[in-house]
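What follows is one structure encoded as structure tokens, with my remarks underneath.
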Amino acid sequence: LKSIKDPMGKTPRISLVKRKHDKLSLNGIVSSSSKNKELTHKRIADLREEHGLPARKIAYKMHGNTEVMLKPDECIITEMKTERGFVYFNLNGGDSWAYYHPENAPDYILNFKGEPAYLTKELLPDYWQQLTGTGSSTRVSSNGLTYLAFLDRSTGIYWRGTYDAATDLLDITPAKNETQLRHFAKQYGVPMGDFVPEWDLTFDPQDFVRVDVQNRQVNKFQPTQYMLNAGAKQPKAIPKTINKVIWHALGSDQAIYDHFVNWLATVVQTRDRTRTAWVLHGTEGTGKGVMVSKILRPLFGTHVALRRMEELNEKYNQFMQNSFLVFVDEVQTKALQNEQGVMAKLRNFITEDTVPIRAMYSNDVVVHNYTNWIFSSNMPDPVSIKKGDRRFNVGKYQSIKLVMTDAEIDGIEKELQAFYDYLVNYPADYELAGQIIQTADRDTMISISESSVDTVGSALLEGNFNFFVEQLPTDNSYVRNALQANKVKDYEDVLRNMIARTQPGGSCAISREELRTLFDFTVGGMPTSPNKFTSLLKHHRLHLEVVWVNNKSVRGIKTTWKDTAQFQMYLDQHLASPSSSASSAPTSTTTPKLAGKRAPKAKETA
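The numbers in the sequence shown follow the numbering used here, run straight up by one, and end at 618.
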């Protein structure tokens, strides 16, 4: 270096200093691992003796590929942190952060100090108790992913999987047995104690808390993006394409459309059952499938169950456990072998607060019922609806196909959030959603579902005299058949007598013999035995009592006619007196005589 004086002068900066030995021998200085353990134990024993602590025996054991020191002194965690997939500790006031375990393997405490590994439950029993003693059987990784392993208390089924709090995604599946569950726990570092903790696996759409470790609950309800991003302001109208699909699928009827929108808004807002269902029917391609697959299923996500008609006969109904909507396609219950049983089951599913869930290889579990049902069919009689039913809404039969372009169908997805916002802010009438709307198609479906005996019985119970007038022949062709002419005459006589007997308020008593005449003419094939006929009436809601007819007490029923104002018109136009009827009949005088002679023979034949 120029202009800088060397402080060492002529003295060499590096020089060789010779001593007694030319080389360093490590043979007597570096001990083997076993010798080091022995020296360590001796040093520990000396230190314990200096501090007045009792001597202790140190033992080691192999746990798989890990050698651990057994029964170490318990330590206290003074600091803890999680970084790079590991959990680090400072113990007993130290500051080296030398003790650690991998996030997914908390069973052993390792270190950077050259010490042996320790069993976590022995070195840090309080920490181990926090991991396993609370019954949580969970582990939260550094990236926020929670690993779960538990036994469902109600079903006795093992479950394992993950919950991502950042995305609110729950991904759990059943384990076949405890061994499979413990393998999962060991693979992902979920601490498991001597027993598998019991949790409550529920489906509660009214609670957005998915995993509650403290209360040991997992909620399988999965909100969709539309639920999570719902706006507080209602759009002015339903988006154009969605409106087009729903309007057409319901039969293009304003009253039915409004009732359905209110029903659907109630489902969205309450996340509970409405106690009513919908039947959509029409020719193929009327928008029923598009409404479910492109609109309703995206809105409600995995909580829409799709079933086929034949599956209604099955005894398992696990699909209901986590569902808001159940869509049954291609329905025609009359084609089922057990139609009455299926309809009874459906009526129960639609209205009951709780339902027993039956799954394969497990016991029945009673859960809260959140389901709302939609039935779709191309047939005019999809389901059998009883008179007085309060469960089934029926849309108008749609005979015109829905015409939509591919661009319109693809554009539905962009309208879904606005549609959900419309529904969630809609001024829904919850009580109205639980009521059915009376429609002509519904009345037709009821009449199709009824037996002919039920139809006649309903006319009597409801006081519909016009029904019996409408059954009269529309021409005189019946007079060519003496037996039929007798039946018509007897039927007309009963109608005239009932009109004459009716009180001003519409009250009327009808004898059992008159009832047989009415049923035999309108239905046919009635039992001739009074006892059998009485039993038949009981099965169709007609219960006989003592009534006063023709100045004597007989068995019969009482009804109140609703259309007494039309009685005179019935008499004038349909029930003319026998003399006037005879004048309009064929001139042959032999027919009435033949009818009178053949009547007994007809009874013998019957």
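Each residue gets a CB set at the ideal place from its N, CA and C atoms; glycine is no exception.
Residue i vs residue j beta-carbon contact at 9 Å
{"i": "aspartate 466", "j": "valine 406", "result": "no"}
{"i": "leucine 292", "j": "histidine 315", "result": "no"}
{"i": "threonine 236", "j": "glycine 173", "result": "no"}
{"i": "leucine 556", "j": "glycine 469", "result": "no"}
{"i": "threonine 214", "j": "glutamine 229", "result": "yes"}
{"i": "leucine 193", "j": "tyrosine 175", "result": "no"}
{"i": "valine 378", "j": "proline 392", "result": "no"}
{"i": "aspartate 433", "j": "glycine 243", "result": "yes"}
{"i": "leucine 135", "j": "glutamate 86", "result": "yes"}
{"i": "glutamine 218", "j": "asparagine 437", "result": "no"}
{"i": "isoleucine 569", "j": "alanine 512", "result": "no"}
{"i": "glutamine 578", "j": "asparagine 488", "result": "no"}
{"i": "glutamate 526", "j": "asparagine 509", "result": "yes"}
{"i": "threonine 621", "j": "serine 464", "result": "Missing from the structure shown is residue 621; the chain here goes from 13 to 618 and no further."}
{"i": "valine 340", "j": "arginine 320", "result": "yes"}
{"i": "tyrosine 382", "j": "arginine 283", "result": "yes"}
{"i": "leucine 160", "j": "valine 223", "result": "yes"}
{"i": "isoleucine 460", "j": "lysine 398", "result": "no"}
{"i": "asparagine 448", "j": "phenylalanine 404", "result": "Here residue 448 turns out to be isoleucine, not asparagine, going by the sequence shown. Result yes, Cβ atoms of isoleucine 448 and phenylalanine 404 sit closer than 9 Å."}
{"i": "alanine 117", "j": "glycine 205", "result": "no"}
{"i": "valine 395", "j": "threonine 456", "result": "no"}
{"i": "tryptophan 140", "j": "proline 186", "result": "no"}
{"i": "leucine 655", "j": "threonine 132", "result": "The structure shown does not extend to residue 655, since the chain is modelled only from 13 through 618, so no value can be given for it."}
Residues that residue i bridges to, as DSSP identifies them
{"i": "isoleucine 89", "result": "Leu103"}
{"i": "tryptophan 560", "result": "Ser565"}
{"i": "tyrosine 159", "result": "Arg151 and Thr174"}
{"i": "methionine 81", "result": "Tyr72 and Tyr130"}
{"i": "leucine 122", "result": "Tyr112"}
{"i": "lysine 570", "result": "Ala521"}
{"i": "asparagine 405", "result": "Trp290"}
{"i": "valine 338", "result": "Ala317 and Trp385"}
{"i": "leucine 324", "result": "Beta-bridge pairing links leucine 324 to no other residue."}
{"i": "glutamine 410", "result": "Gly294"}
{"i": "phenylalanine 98", "result": "Glu95 and Pro114"}
{"i": "threonine 214", "result": "Asn231"}
{"i": "valine 436", "result": "Per DSSP, none; premise fails for valine 436."}
{"i": "aspartate 164", "result": "Trp211"}
{"i": "valine 223", "result": "Val230"}
Integer-rounded CB distance, given that residue j should sit under 8 Å from residue i
{"i": "phenylalanine 272", "j": "proline 209", "result": "Not quite, the Cβ-Cβ distance comes to about 45 Å (not below 8 Å), so this is no contact."}
{"i": "tryptophan 275", "j": "threonine 295", "result": "Rounded, the Cβ-Cβ distance is 24 Å, inconsistent with contact."}
{"i": "threonine 179", "j": "glutamate 427", "result": "Contact doesn't hold; Cβ gap of about 24 Å is too wide."}
{"i": "tyrosine 72", "j": "proline 19", "result": "With 8 Å as the limit, tyrosine 72 and proline 19 do not qualify as a contact, their Cβ atoms being about 56 Å apart."}
{"i": "leucine 472", "j": "threonine 571", "result": "5 Å"}
{"i": "glycine 297", "j": "valine 257", "result": "Actually they are not in contact, since the Cβ atoms of glycine 297 and valine 257 sit about 12 Å apart, beyond 8 Å."}
{"i": "tyrosine 120", "j": "valine 152", "result": "In fact, because the Cβ distance is near 19 Å, the residues do not count as touching under 8 Å."}
{"i": "alanine 445", "j": "threonine 278", "result": "4 Å"}
{"i": "arginine 524", "j": "valine 566", "result": "7 Å"}
Span of the beta strand (DSSP E), counted from its first residue to its last, around residue i
{"i": "tyrosine 503", "result": "Here tyrosine 503 belongs to no beta strand (DSSP E); instead the alpha helix (DSSP H) covers 494–513."}
{"i": "lysine 73", "result": "71–75"}
{"i": "isoleucine 522", "result": "519–523"}
{"i": "isoleucine 369", "result": "366–369"}
{"i": "asparagine 231", "result": "229–231"}
{"i": "alanine 187", "result": "181–187"}
Continuous alpha helix (DSSP H) stretch holding residue i: start and end
{"i": "histidine 271", "result": "266–282"}
{"i": "tryptophan 385", "result": "Per DSSP, tryptophan 385 belongs to no alpha helix (DSSP H); it is in the beta strand (DSSP E), 384–389."}
{"i": "isoleucine 254", "result": "252–261"}
{"i": "histidine 380", "result": "Not the alpha helix (DSSP H): histidine 380 falls in the beta strand (DSSP E), residues 377–380."}
{"i": "threonine 546", "result": "542–550"}
{"i": "threonine 52", "result": "45–62"}
{"i": "aspartate 455", "result": "452–461"}
{"i": "asparagine 360", "result": "351–363"}
{"i": "tyrosine 200", "result": "190–200"}
{"i": "alanine 471", "result": "464–474"}
{"i": "phenylalanine 479", "result": "477–482"}
{"i": "proline 539", "result": "That residue, proline 539, is in no alpha helix (DSSP H); it is neither H nor E in DSSP."}
{"i": "aspartate 138", "result": "137–140"}
{"i": "leucine 444", "result": "442–445"}
{"i": "aspartate 584", "result": "579–585"}
{"i": "leucine 554", "result": "Run containing leucine 554: none; DSSP gives neither H nor E here."}
{"i": "glutamine 344", "result": "Premise fails: glutamine 344 is in no alpha helix (DSSP H) and is neither H nor E."}
Any C-beta of chain C under 9 Å from that of residue i
{"i": "lysine 346", "result": "Protein chains in the displayed structure number just one, and chain C is not present."}
Given 8 Å, three or more beta-carbon pairs between the segment 435–453 and the segment 487–505: no
Inter-stretch contact (C-beta, 8 Å, three-pair minimum) for the segment 356–363 and the segment 260–270: Segments in contact, no.
Validate contact between the segment 94–101 and the segment 111–130 using beta carbons, cut 8 Å, 3 pairs: yes
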